[in-house]
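Worksheet: one structure, shown below.
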Amino acid sequence: MARLTELAKHTDVTVELYLYDLLPTWRVISLDQTMFVSAFGEDSEGHMSPMYKITSSAYSGALHRGFRRFVGELRRTARRVV
Numbered sequence: 912m913a914r915l916t917e918l919a920k921h922t923d924v925t926v927e928l929y930l931y932d933l934l935p936t937w938r939v940i941s942l943d944q945t946m947f948v949s950a951f952g953e954d955s956e957g958h959m960s961p962m963y964k965i966t967s968s969a970y971s972g973a974l975h976r977g978f979r980r981f982v983g984e985l986r987r988t989a990r991r992v993v
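Just so we're on the same page, our numbering is the position in the sequence shown counted from 1, plus 911.
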């Protein structure tokens, strides 16, 4: 969190970090309209799972919208710390 707090102080970068009280299922990194997603499993952490790039397109639009809705609701109910 300290590194992200430091990064957020730069005026040309927008950084937000939220804490939530839910069992981690997905690891999601959003950059503009592109999302990188991996899953937490019973035997693996999110950083050990392969990342999938999801963009808003005709091919993956529904999946992209679903993850956007999930992340939006998660952020709405979380506590922002950065």
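Where a beta carbon is used, it is the ideal one built from N, C-alpha and C, also for glycine.
Compute the Euclidean distance between the alpha carbons of D915 and V926, then round it to the nearest angstrom. Residue 915 sits at position 4 when you count from the first residue of the sequence shown. Residue 926 sits at position 15 when you count from the first residue of the sequence shown. In the sequence under discussion, the amino acid at residue 915 is Leu, which differs from the Asp named in the question. Taking the straight line from one Cα to the other gives about 7 Å.
Any heavy atom of the ligand MN closer than 7 Å to the beta-carbon of L933? Ligands in the displayed structure: none, and consequently the ligand MN is not present.
Reference P935, options S949, L928, V924, L942, closest by Cα: Indexing the sequence shown from 1 puts residue 935 at position 24. The residue with the shortest Cα to Cα distance from P935 is S949.
Would you mind giving the Cβ-Cβ distance between M912 and L928, rounded to the nearest angstrom? I have them listed as a contact below 8 Å. Sequence index remark: in the sequence shown, residue 912 carries index 1 (1-based). Sequence index remark: in the sequence shown, residue 928 carries index 17 (1-based). So it is a contact: roughly 6 Å between Cβ atoms.
Ordered list of beta strand (DSSP E) runs contained in the stretch 938-989, each at least 3 residues: 945-950, 963-966
Would you call the CB atoms of I940 and F951 closer than 8 Å? Sequence index remark: in the sequence shown, residue 940 carries index 29 (1-based). Sequence index remark: in the sequence shown, residue 951 carries index 40 (1-based). Going by C-beta atoms, I940 is not nearer than 8 Å to F951.
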